[in-house]
Structures are given as C-alpha cells and as structure tokens.
Amino acid sequence: MTTIKIQEGHPELITYINEIPSITLRKTSGKVNNKSLKEYLDSLKEILKKYSKNTKTQSNENK
Numbered sequence: 079m080t081t082i083k084i085q086e087g088h089p090e091l092i093t094y095i096n097e098i099p100s101i102t103l104r105k106t107s108g109k110v111n112n113k114s115l116k117e118y119l120d121s122l123k124e125i126l127k128k129y130s131k132n133t134k135t136q137s138n139e140n141k
C-alpha cells in the first residue's frame, strides 16, 4: 500500500522506491529477509511522512 500511495499521490518520490532496497540490502549483507523488508517498508513510510509534512508546511507558507 505504501508504494501505491507514493506512486499515485507523490510520483516525484518514486526515485526513492528504487534506491532504498540497495541501501537496505547493503546493511544486511545482500540478504532479503523479513528484517530487510521491514526496514525497506519503514523507510518508505518515513519518507512519505516527512515529505507530506514538508509539503503541507510549504503550502501553508504560500497562502
């Protein structure tokens, strides 16, 4: 669901979907496991949360 939210609501963040797995896999010695998948999902959620917050702040400042 998180990747769908990014793709539909914030397509400018799609770049991060591709970058994060390689960063996460480097941390886990290239192994895909539950921990690395959870880290990937958490990182996407964090990016989406921060981006949404910054976008709202900038929108309010422009009013």
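In this text, residue positions in the sequence shown follow my numbering: the first is 79, and each later residue adds one.
C-beta: ideal position from N, C-alpha, C; glycine also.
DSSP places E90 outside any alpha helix (DSSP H), giving it a letter other than H or E.
By the beta-carbon neighbour count (other beta carbons within 10 angstroms, threshold 16), I92 is exposed. Judged by beta-carbon spacing, L115 lies beyond the 8 Å limit of T80, meaning their Cβ atoms are not closer than that value.
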